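In order, the protein sequence lines correspond to chains A and B. Per the numbering used here, the very first residue in the first sequence carries number 602; after that it's consecutive. Per the numbering used here, the very first residue in the second sequence carries number 232; after that it's consecutive.
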Amino acid sequence: MTGSAAFGGGDAYRPRRDVRFRRIGEEAVVVRQEAPEVLVLNPVGARVLELLAGGEPLDAVGAKLAAEFEVAPAAAAADARAFAAELESAGVIEPAPEAETGR
Amino acid sequence: MHDRVLLTGARAPAPFAASFLTRPDRFPDEPAGSPCGDLAADLLLPAGPYRVRGLDAAQLGRIARRFGGFCVPGDAPGAAHRFLPLGDGDRRVADDVAVEIGGHDRGGAPSRTAPPAGRPAPVRPCDPEPPVALDVLAAPPRSFRRSVTPGWHYSFDLDAGPERVRLAGWGFCALLERRAGGRWRAGLWVAPGDRRGFLGSFVNLLRVLAAYRLLDAGGALLHSAAVADRGAGTLFVGRSGAGKSTVARQALARGLGVLSDELAALTPAPGGAAVSALPFAGDLEPARRPAPPLPLARVLLLAQARRDALVPVSAAQAVAAAAACAPWINADRHRTGALLDNLGRLLGAVPAARLEFTRDGGFWPLLAASGGTISSERSGAAGALTEAEAAA
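Right, here's the structure in full:
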């Protein structure tokens, strides 16, 4: 899955095994050891990764973004899907096994 | 939604130590070893001291010459404490050693083994136990493969687990074990006749030990040039080839103090962070004596460019650049989170900028004009002097 069209609202993702990240202020620093590289995420990206790492499915991530950043729910959901696709393409996250999500 | 920075961590080829040891699968159970001698010294590194034991006279002499004022031989007048001679009754692995080989970074299955009977180690607790204790052991020369590039001693494999780190290079192997309170116990196995190679092996191990010890002390070892002026330090962070030595030379020419042109120690300090010199250097002479840490005033991320400019960056960008320049720890999946925590605490409140610079030194007035601690004129009032600076 590399495109946002493949992302469904109920999908759950988790950071890949080689990834460590921390919030630094409003942003986040992500270390990918297998790449190897370090990424800096902007506040929205940091929040998306934080929520996904906390086990939130994509639809819940979109809803929280809409509330926290005061944007239209449809736009927030689209942003969440697009950025999740970007994170997966960048090797930061991967689909969470169903056993972890309870699906 | 993101920026990228490449890491500068050591990435060892698999399998561990295959190029360096004749029986890499047996390390650390083998090789056996006994102390090279009964001499000792303290190395006064930040978050130390590092107590080195089991040295013979030639090894101690080489260390003393290499590390200058950082090295306090055990029997020297004025030593802070006495070093105990190694006794036969203590030449076995301590019972409290947790011998778990876990978290192999390259796919090896975790395993547990009993402490190897008969593996000698010069264990005799000193009072107080130093933050780092390093035992030097003589191993049979057949333990090591011959170097295919004679004279080259700076390539090595590193295998990090949750509580143990293994190293192996030309003519040496080493085991680092983390103890309670962030203290480290290490063993360095060398061939007893390898007089020339010993110092390179020792320095290799010491750099890695410093990285791990500083992390546990809440700090970090960073590839950076550290410049002192008016009692404060500025870190110029950058990977190999970024221009650290260029900056350091120009700082010396301007009468500023230089703590480092290659590796500097970042440590917690009241109200923020501090930077200290280490006896490791790039193109310049390494620092020859310890100096008090300086409060960190500013972090500059080196970026060679066609013009000189100072571009403010966020704390996250500073942390990301610093993490990319934290050797070994940034490639250690057991400790990368702690590294980010430390860097976030230490750099979060320090002004940070990307220094886009040409190599002609035109950026120095920019630093002075931006309100930092770097003087616009030759100050002659360096906060910390190295011998390189004194010679200059």
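C-beta: ideal position from N, C-alpha, C; glycine also. Values in this document were obtained by computation on a predicted structure and should not be read as measured data.
By the Cβ test, the stretch 569-579 of chain B is in contact with the stretch 608-628 of chain A, since at least three Cβ pairs between them sit closer than 8 Å. When beta bridges are read from the DSSP output, VAL581(B) appears opposite no residue. For the stretch 547-568 of chain B, the set of positions with a beta-carbon nearer than 7 Å to some beta-carbon of chain A reads ALA547, GLN548, VAL550, ALA551, ALA554, ALA555, ASN561, ALA562, ARG564, THR567, GLY568 in chain order. Identification of chain B residues near GLY626(A) by a Cβ-Cβ cut-off of 8 Å yields SER545, ALA546, ALA547, GLY579, ordered along the chain. One finds ARG623, ARG624, ILE625, GLY626, VAL630 in chain A with Cβ atoms closer than 9 Å to the Cβ of GLY575(B), taken in chain order.
In the three-state reduction of the DSSP assignment, PHE429(B) falls in the helix class, which pools H, G and I.
Where GLY292(B) is concerned, the enclosing alpha helix (DSSP H) starts and stops at 288-298. Put simply, the CB of ASP612(A) is far from chain B, with every gap to its CB atoms at 8 Å or more. For PRO616(A), the closest C-alpha among the options ALA673(A), ASN643(A), VAL672(A), LEU652(A) is that of LEU652(A).
PRO277(B) and LEU509(B) do touch by the CB rule: their CB atoms are close to 7 Å apart, below 8 Å. Using beta-carbon distances, LEU571(B) counts as an interface residue toward chain A, with a partner under 8 Å.
Non-local beta-carbon contacts of ALA661(A) in its own chain, meaning distances under 8 Å to residues more than five positions away in sequence, involve LEU652 in chain order.
Contacts with chain B at 8 Å (Cβ-Cβ) do not include ASP660(A). In this structure, ARG410(B) keeps its C-beta atom at 8 Å or more from the C-beta atom of PHE511(B).
Secondary structure in the stretch 605-689 of chain A: the beta strand (DSSP E) runs of 3 residues or longer, each lying completely within the stretch, are 614-616, 620-625, 628-633, 638-642 in chain order. Counting only residues of its own chain and dropping the five nearest sequence neighbours on each side, SER250(B) has no CB closer than 6 Å to any other CB.
Listed in chain order, the non-local C-beta contacts of LEU252(B) below 7 Å within the same chain comprise PHE258, SER374, PHE375, ARG376, ALA399, CYS404, local neighbours out to five positions each way being set aside. Within chain B, no residue has its CB atom less than 8 Å from the CB of VAL672(A), the nearest being about 15 Å off. In the structure shown, PHE251(B) falls within a coil segment according to DSSP collapsed to helix, strand and coil.
By the Cβ test, the stretch 584-593 of chain B is in contact with the stretch 540-550 of chain B, since at least three Cβ pairs between them sit closer than 8 Å. Contact check for LEU532(B) and ALA549(B): beta-carbon distance about 7 Å, within the 8 Å limit, so the pair qualifies. Residue burial annotation: ALA554(B) is buried, with at least 16 other C-beta atoms found within 10 angstroms of its C-beta. Its chain contains ARG282, VAL283, ARG284, LEU286, GLY305, PHE314 as the residues whose beta carbon lies nearer than 7 Å to that of ALA271(B), once the 5 sequence neighbours on both sides are disregarded; these appear in chain order. C-alpha of ALA522(B) to C-alpha of ALA289(B): approximately 27 Å in a straight line.
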